[in-house]
Amino acid sequence: MGTNGSTMLKPLRQGLPPLDPAAVSDAASCALPARYEAVREARRFTRDTLDGWDVGDRFDDICLVVSELVTNALRHALPVAPCRGEALQPPVRLHLMRWSERLVCGVRDPSHETPVQRDSDDFSAESGRGLFLVESFADSWGWHPLAGSMEGKVVWAMFRLPTAG
5 MGTNGSTMLK PLRQGLPPLD PAAVSDAASC ALPARYEAVR EARRFTRDTL DGWDVGDRFD
65 DICLVVSELV TNALRHALPV APCRGEALQP PVRLHLMRWS ERLVCGVRDP SHETPVQRDS
125 DDFSAESGRG LFLVESFADS WGWHPLAGSM EGKVVWAMFR LPTAG
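Be aware that the sequence shown starts at 5, since it is given in this note's numbering, and climbs by one per residue.
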């Protein structure tokens, strides 16, 4: 009576909810180097970006989720030995996009591996909690492979924003 593994992955693989790219109020992105200081750089970039955007009380949630997504990309999605030439292209890229009522953060990485949320009852465990935190603090999340000639995938999280007035 085993569960069908493919049904577990379907919600994660769904694309972003329909968001009109033309209606984006603000967008920002930054390339991140393949080293752990990149998490700090991503947090600083996110804080500086969100300072100029109205995200209400979601500020801390978004910063936390960005940290987790970037950490996961660095920890699980980078090749152990990069090929020559890959050093020229930063392997991880953070994207922030804001519409009037929602914000999406996406982290692009070169791996085709499915992000897996580990079942861990050990809440003191250092690793394996990243996607649990993403699911807890974001309104929805998922991933999709990159199209065309681009290698890898994007893992994204969406936040509903408080509407003005």
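For each residue, glycine too, the CB sits at the ideal point set by N, CA and C.
Since the model is a prediction, treat every value here as computed from it, not as a measurement.
Rounded to the nearest whole angstrom, the C-alpha separation of R106 and V28 is 10 angstroms.
If you draw a straight line from the Cα of P37 to the Cα of W57, it is about 25 angstroms long. Here V120 carries a coil assignment [DSSP, helix/strand/coil]. Across the set H148, A161 and P166, the C-alpha of A161 shows the shortest separation from the C-alpha of C67. Only buried fits D113, as 16 or more other CB atoms lie within 10 angstroms of its CB. Around the C-beta of M101, 16 or more other C-beta atoms lie within 10 Å, and the residue is accordingly described as buried. Apart from the 5 residues on each side of it in sequence, E45 sits with its Cβ closer than 7 angstroms to the Cβ of L36 in its chain, given in chain order.
Under the DSSP assignment, L100 falls in the beta strand (DSSP E) whose first and last residues are V96 to R102. Scanning its chain for C-beta atoms nearer than 6 angstroms, with the 5 sequence neighbours on each side dropped, one finds around V96 the residues L36, A77 and D113, in chain order. Around the Cβ of V120, a 10 Å sphere holds fewer than 16 other Cβ atoms; the residue is exposed. As computed with DSSP, W160 is found in a beta bridge with G110 and G146. Within its own chain, the residues whose Cβ lies closer than 7 angstroms to the Cβ of D30, once the five positions on either side in sequence are excluded, are W57 and R102, listed in chain order.
For D52, the three-state secondary structure derived from DSSP is helix. Each of T167, V108 and S140 was checked against the Cα of V158, and the nearest Cα belongs to V108.
Taking the C-beta atoms as reference points, H99 is found no nearer than 8 angstroms to G156. For L78, the secondary structure class from DSSP, reduced to helix, strand or coil, is helix. Distance from S71 to R47 at the Cβ level is roughly 6 angstroms; contact confirmed, criterion being Cβ atoms closer than 8 angstroms. Each residue's CA atom was taken as its position, placing E41 and M154 some 25 angstroms apart.
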